[in-house]
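Novice:
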Amino acid sequence: MMQFLAKAGLAAMLTAGTFAGTVAPAAAQVNIIIGEPDRGPPVDYRRPPPGYGRPSRGCDPRLAENLAQDYGFRRTRVVDITPRRVVVQGWTRRGPGEISFGNVRGCPALRR
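According to our numbering, the residues represented by the sequence shown are 254 to 365, in order.
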């Protein structure tokens, strides 16, 4: 009799564990939406965004700062942008310095 009760209890525990294991994943499929639930249509990634592929019209100031860092400047900042050049100041091993880049695509270095 004791053996029968032990087997019945073990079978009940296995059944309860199996039932709990199947209910938990089903509960994880609930959708929780944070923010706006009504968004526009999905973006078509096969079509490029407007303005993509158009040539850039000048030297991007962030690119000029990155190029100045490649030339050895630290703590760079753009101080002047004219139609012809972009001036970046920073610190070199010898102290404060300045470098100029052409305000065209690619930011060619003009003067150190």
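We put the CB at the ideal spot given by N, CA and C, even for glycine.
How close, in whole Å, do the beta carbons of Glu-318 and Thr-329 come, if the pair is a contact with beta carbons under 8 Å?
Specialist: As a working note, residue 318 is residue 65 in the sequence shown. As a working note, residue 329 is residue 76 in the sequence shown. Indeed, because the Cβ distance is near 4 Å, the residues count as touching under 8 Å.
Novice: Report the three-state DSSP secondary structure of Arg-315 (helix, strand or coil).
Specialist: For the purposes of this step, residue 315 is taken as the residue at position 62 of the sequence shown. Helix at Arg-315.
Novice: Could you give the C-beta distance for Cys-360 and Val-331, rounded to a whole number, given that I count them as a contact under 8 Å?
Specialist: What you label residue 360 is simply residue 107 of the sequence shown in a count that begins at 1. What you label residue 331 is simply residue 78 of the sequence shown in a count that begins at 1. Not confirmed; about 11 Å, so no contact.
Novice: Does DSSP classify Asp-323 as helix, strand or coil?
Specialist: The residue you call residue 323 lines up with position 70 of the sequence shown. The answer is helix: DSSP assigns Asp-323 an H, G or I state.
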